[in-house]
Amino acid sequence: MSTQVFEHYSPQDWSAYLDGELPAARRDAMREHLRGCPSCSAVLRSFEAVQHGAELLAQEPAPARPQLRTRLVSVGAAMVVQNRSRRRWMLWLAAVVAVVVFAGLAAVFWGEPQQTRAVASKARVTLDRVLITRYFVEPPSLEYDVTIHNGDTRPLEIIRVIVSDPLGEKERPVAEALRVEPGQTLQRVFLRPVGEHAQLRPGRYRVLLETSDGRLVAEKTAP
Amino acid sequence: MTELDAETLRRCRRGEPAALGALYDCYRQPVFYLARRMVGETEAEDVCQETFIAVFRAVAKFEGNSKLSTWVLAVATRVCLMHLRKRRRMETPAEPAIADETEPMTLLSPSHELLNKEFLKQLADAMDRLPENQRVAVSLRSFDEMSYEEIARAMNCRLEQVRATLFRARCRLLKLLEDR
Chain A
15 MSTQVFEHYS PQDWSAYLDG ELPAARRDAM REHLRGCPSC SAVLRSFEAV QHGAELLAQE
75 PAPARPQLRT RLVSVGAAMV VQNRSRRRWM LWLAAVVAVV VFAGLAAVFW GEPQQTRAVA
135 SKARVTLDRV LITRYFVEPP SLEYDVTIHN GDTRPLEIIR VIVSDPLGEK ERPVAEALRV
195 EPGQTLQRVF LRPVGEHAQL RPGRYRVLLE TSDGRLVAEK TAP
Chain B
353 MTELDAETLR RCRRGEPAAL GALYDCYRQP VFYLARRMVG ETEAEDVCQE TFIAVFRAVA
413 KFEGNSKLST WVLAVATRVC LMHLRKRRRM ETPAEPAIAD ETEPMTLLSP SHELLNKEFL
473 KQLADAMDRL PENQRVAVSL RSFDEMSYEE IARAMNCRLE QVRATLFRAR CRLLKLLEDR
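Chains as they are written, first to last, in our numbering: chain A, 15 to 237; chain B, 353 to 532.
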C-alpha cells in the first residue's frame, strides 16, 4: 500500500475521468498525462478495479420467483385499472361540476327551468340497503345491496360501478364490465373495504353505474 | 440496461398484465441488486416488491422526462431509504454512523487488482459498510449508462453531489479493501 500526493490531477479528477464526466478537452489532456505519470495511472487503475468490480457484482442474477412475479403483475394490473378509473371519474366529475355550475348560472340569469335528461332510457338502479359486513369478508366492508333493472330492448352495458359514502371515501370503483340483458333484473352486492372499527355514519350513500349510454345513480340517506 | 419499448410502456399505462410483466422482467435485476446492496439479502425481496407495487401504481403518471430505468431506480432508491429509516427507528445503533467524509487516498496493491471471486466478495462486504448515500451512488453507477445526471435525478440531489459522493465512496472502498 502506498499513500501518494499528486501534483497534476487530483484523485477527484480521475474519479470523474473514469466516469466519462469531464469536458472532452480536459479528458484528452488527462489521457495524455497518463502516459508519463505512473502515480496517476495507479490511482486510475485502483478506481477502475473498484468500479469494474461493482459492475460485475451488479450482474449477479436476482433469484427467480415466478409466483411472486405473477402476484405482483396481477395486483399491479388491478391498481393501474383502479387508478385510471379514479382519474377518469375525477375528470368526469369536474366536467359535471362545470356543467352544473353553468346550468345554475344560466337559471339565475335567464330564469329558465332546467330539465334533467334521462341518461339511460328504461334502465333503473335502486340501492336497497347499506350495511357493514364484518364476518364473511376480509377485510370488513361496507356492503351495498343493489338492484339493477333493464326495461330496455337493448342490453345494458355497465362499464364501471362506483360507490361513495360518508365514511371517508369520496368515490371508489367496486366493479367493472357488467351486462344486464333486456328485461333482466339483477341483484348485486358491491363491497368497499373499511377499517376494522368502522361504523355506519349519517349521510349520503351513493351507487353510480357508468354505462355506455350515460349514468345511473341510486342514493340512500342514513339519518 | 435494456429499456422498455414505447409500445410496451403504453400498454403498461393501460394496465395490461403482459406488459407489466415485461416491465418487471426488464428492471427486476437492477432493482434487486440495488435493494440487496442497500438493505441486505434477506430484506431485498420485500423492497423489490414494494418498489414494483409503487412503480405499477404510478406508471400511468410517468411522463417520460427521464429514461424509464432512471425513474424505476429512483423509486427503488426511495423505497430502500424509507426501509432503512424504518429499520433505524426500530433498532438501537450498535456503532456510531460513519461520517460522509473523504478518506485519505489509498491505492490497491497489485494483488487486489485481479477481479477474482475473493476480491468481489471483499468488495461486496466493503460496499455494505459504506454510508447510505455512497452505497446508493456506487450501486447506481454500477448499471451501464447511468450518468451523473441520471444518478442525481434518482437520488434527488445535485450533479456536483454525485461527483463528490462517488469519489468519497471509491476512496472509502479502497481504504476498506486495503484494511482487510
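Note that CB positions come from ideal geometry on N, CA and C, so glycine has one too. Small disclaimer: the values here were computed from a predicted structure and weren't measured.
Within chain A, R83, V87 have C-beta atoms less than 8 Å from the C-beta of B/G373, given in sequence order. It is roughly 25 Å from the alpha-carbon of A/D27 to the alpha-carbon of B/F471. With the criterion set as a beta carbon lying under 9 Å from some beta carbon of chain A, the members of the stretch 479-490 of chain B are M479, V490, in sequence order. Taking 8 Å as the CB threshold, B/S418 stays off the interface with chain A. Counting only Cβ-Cβ distances below 9 Å, B/G392 has no contacts in chain A at all, with the closest Cβ about 14 Å away. In the three-state reduction of the DSSP assignment, A/R49 falls in the helix class, which pools H, G and I. In the DSSP assignment, B/F495 falls outside any alpha helix (DSSP H), carrying neither H nor E.
Straight across, the Cα-Cα distance linking A/L205 with B/Q486 is about 47 Å. For the stretch 507-527 of chain B, the residues whose beta carbon sits under 8 Å from a beta carbon of chain A are, in order, R515, A516, L518, F519, R522, C523, L525, L526. B/N468 and A/L32 have their C-alpha atoms roughly 21 Å apart.
A/Q65 counts as buried, since no fewer than 16 other beta carbons sit within 10 angstroms of its beta carbon.
Residues of the stretch 425-437 of chain B with a C-beta atom less than 7 Å from some C-beta of chain A do not occur. Residues of the stretch 60-75 of chain A that bring their beta carbon within less than 9 Å of a beta carbon in chain B comprise S60, F61, E62, A63, V64, Q65, H66, G67, A68, E69, L70, L71, A72, Q73, E74, P75, in sequence order.
Taking a 10 Å sphere around the C-beta of A/V57, we find 16 or more other C-beta atoms and assign the residue as buried. At a cut-off of 8 Å between C-beta atoms, B/S421 does not count as an interface residue with respect to chain A. B/F408 has a beta carbon lying within less than 8 Å of a beta carbon in chain A.
Relative to A/A76, the option among B/L528, B/Q474, B/P382, B/L511 whose CA is nearest is B/P382.
In the structure shown, A/V208 falls within a coil segment according to DSSP collapsed to helix, strand and coil. DSSP places A/P37 in the coil class of the three-state scheme, outside both helix and strand.
If you draw a straight line from the Cα of B/E402 to the Cα of A/V95, it comes to about 18 Å. Between B/G367 and A/R98, the C-beta spacing is below 8 Å. A distance below 8 Å separates the beta carbons of B/A489 and B/L518. Listed along chain A are G67, L70, L71, each with a C-beta nearer than 7 Å to that of B/L472.
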